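Okay, so the sequence shown: first residue is 18 according to my numbering, each after it adds one. Below is one structure, written out as structure tokens; the observations come after it.
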Amino acid sequence: MAEFTMELNDEQKEVRDWLHGFAADVIRPAAAEWDEREETPWPVIQEAAKVGIYSLDFYAQQYFDPTGLGIPMAMEELFWGDAGIALSIVGTGLAAVGVLANGTEEQIGTWIPQMYGDANDVKVAAFCSSEPDAGSDVSSMRTRAVYDEAKDEWVLNGTKTWATNGGIANVHVVVAVVDSELGSKGHASFIVPPNTPGLSQGQKFKKHGIRASHTAEVVLENVRIPGSCLLGGKEKLDERLARARERARAGGGERVKNAAMATFEASRPAVGAMAVGTARAAYEEALEYAKTREQFGRPIIDNQGVAFQLADMRTSIDAARLLVWRASWMAVNGKPFTAAEGSMSKLFASETAKKVTAQAVQILGGNGFTREYPVERMHRDAAIYTIFEGTSEIQRLVIARTLSGIPIR
């Protein structure tokens, strides 16, 4: 087990500097254009693939970093560049984590490479969990998966929403209900292979922020997939459902996690790192502006009202990074989140990003309200962090339940 440290080793520093250079030289110059176009920045993703950032090998190296700091370090640097483009680059990772968290070795080896493609033919993947009537309330999920034993196939029907890369993905990972009587414990995850009949893109959303990232509905109409596309396999699913039914009859016992929750628990610190990157970018813009913008014959940073805001901004960013790195280290070293440390990191970093980007707009004044300066875009982008992959309210609920042991509603 790696000891927790805040000091990156030489290899990690080299990777960090490489990512920072890509974010500064490739992502940032393209950010305003793709935000305006509200389209997937395929040329930037291809550039990321050419240099090895958009690849299974790169994310595997960071994911299995024994210090746990590989993924949060990478997320912070890329999202420092631009949140919308960065999400287009890393959005496939959520689907990949879904397969890593729930799939067999054969499924991992078969499907994750198809999620990325290669530098000459880049692909993306989508993780489909939320529904029009089931966002935070996963127990209300309506998408159904029915097993056709005669053909060894699963038949999926339903509509997913808020899916990053939904409809344009090469591979979709879909969470569906297999036993409605078990609530969220009766869910399972499925791979929908490329060009499967019955899967289509529904509404594409025009968003407030992260506009370079494709977000859409995914419609499933009698989608038939092989039995081998059930993540983890049917034997494992049957055992898990049996434990859940036994626990329900007994009124307690061992907690049984569903597939979507396993994915979200693994990804929450990474989302926190994304928020840290956006917050840091806005803080740096505000700091530089405050040092060069003059009012009443002196730089505005000479005023305590501005200087104290910048001090608070930097303090919150560093505190958020500490929480993210702690949770990431705990996760990779098998330390249980006994105080919901993963949710803590996501909650605090998300709220920090919203606050810091708003403060940056305020420090820039009228200029901060225009698209001539990037803090306006950063402020719009930051709003998503307190919403997706578990709202701030849900994170507080998870933390409170974990601390109290009481099913607070």
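Quick reminder that beta carbons are idealized off the backbone N, C-alpha and C, glycines included. Computed from a prediction, not measured in an experiment: that's the story for all the values here.
- Unbroken beta strand (DSSP E) runs of no fewer than 3 residues, entirely contained in the segment 200-283, are found at 204-209, 216-221 and 232-243, following chain order.
- Judged by their CB atoms, Gly-219 and Glu-234 are nearer to each other than the 8 Å cut-off.
- With 16 or more other Cβ atoms inside 10 Å of its own Cβ, Thr-181 counts as buried.
- In the three-state DSSP reduction, Glu-406 falls in the coil class, being neither helix nor strand.
- Look at the beta carbons and you see the segment 395-413 not touching the segment 328-341: under three pairs across the two are nearer than 8 Å.
- Here Pro-316 is bridged, per DSSP, to Glu-311.
- Looking at the backbone, the Cα of Ala-261 and that of Trp-128 are separated by about 28 Å.
- Per the coordinates, the alpha-carbon of Ser-197 lies some 15 Å from the alpha-carbon of Glu-263.
- For Arg-33, the uninterrupted alpha helix (DSSP H) segment begins and ends at 27-39.
- Counting only the Cα atoms, Ala-49 lies some 44 Å from Gly-244.
- A distance below 6 Å between beta-carbons, with the five flanking residues on each side excluded, links Leu-258 to the following residues of its chain, in chain order: Asp-196.
- Straight-line spacing of the CA atoms in Met-92 and Leu-381 works out to 26 Å.
- Ranking Asn-350, Val-194, Tyr-300 and Trp-346 by CA distance to the CA of Ala-328 puts Tyr-300 first.
- The shortest CA-to-CA distance from Phe-21 to any of Val-349, Gly-215 and Ser-367 is the one to Val-349.
- With contacts defined as CB atoms closer than 8 Å, Thr-374 and Ala-296 qualify as a contacting pair.
- Taken through DSSP and simplified to helix, strand or coil, Asn-384 comes out as helix.
- Spanning the alpha carbons of Ala-356 and Gly-385 requires a straight line of approximately 38 Å.
- In the three-state scheme derived from DSSP, where H, G and I count as helix and E and B as strand, Phe-96 is classed as helix.
- Pairing Asp-34 with Leu-86, the inter-Cα distance amounts to about 14 Å.
- According to the DSSP assignment, Asn-174 belongs to no alpha helix (DSSP H) but to the beta strand (DSSP E) extending over 170-181.
- For the set Ala-229, Ala-162 and Ala-186, the Cα lying nearest the Cα of Val-194 is the one of Ala-162.
- Here Ile-125 has Val-116 and Leu-117 as same chain residues with Cβ atoms under 7 Å from its own Cβ, once five neighbours each way along the sequence are excluded.
- Measuring C-alpha to C-alpha distances from Pro-286 to each of Arg-338, Ala-136, Ala-229 and Ala-265 identifies Arg-338 as the nearest.
- Contact annotation, Val-392 with Val-378: C-beta distance approximately 5 Å; criterion of less than 8 Å satisfied.
- Counted as a single uninterrupted DSSP element, the alpha helix (DSSP H) harbouring Val-114 occupies residues 109-119.
- For Leu-199, the CB contacts under 8 Å within the same chain, skipping 5 residues up- and downstream, are Leu-258, Ala-261, Arg-262 and Ala-265 in chain order.
- Around the Cβ of Lys-308, a 10 Å sphere holds fewer than 16 other Cβ atoms; the residue is exposed.
- The beta carbons of Pro-89 and Ser-360 sit no closer together than 8 Å.
- For Tyr-80, the enclosing alpha helix (DSSP H) has its first and last residue at 73-80.
- With fewer than 16 other Cβ atoms from the protein chains shown falling within 10 Å of its own Cβ, Asp-255 counts as exposed.
- The DSSP-derived three-state label of Asp-135 is strand.
- Note on Asn-119: 16 or more other CB atoms within 10 angstroms of its CB, so buried under the neighbour-count rule.
- Counting along the chain, Asp-335 sits inside the alpha helix (DSSP H) bounded by residues 321-349.
- For Val-415, the three-state secondary structure derived from DSSP is helix.
- Each residue's CA atom was taken as its position, placing Val-341 and Ala-290 some 6 Å apart.
- Here Tyr-71 has Ile-62, Ala-65 and Ile-106 as same chain residues with Cβ atoms under 6 Å from its own Cβ, once five neighbours each way along the sequence are excluded.
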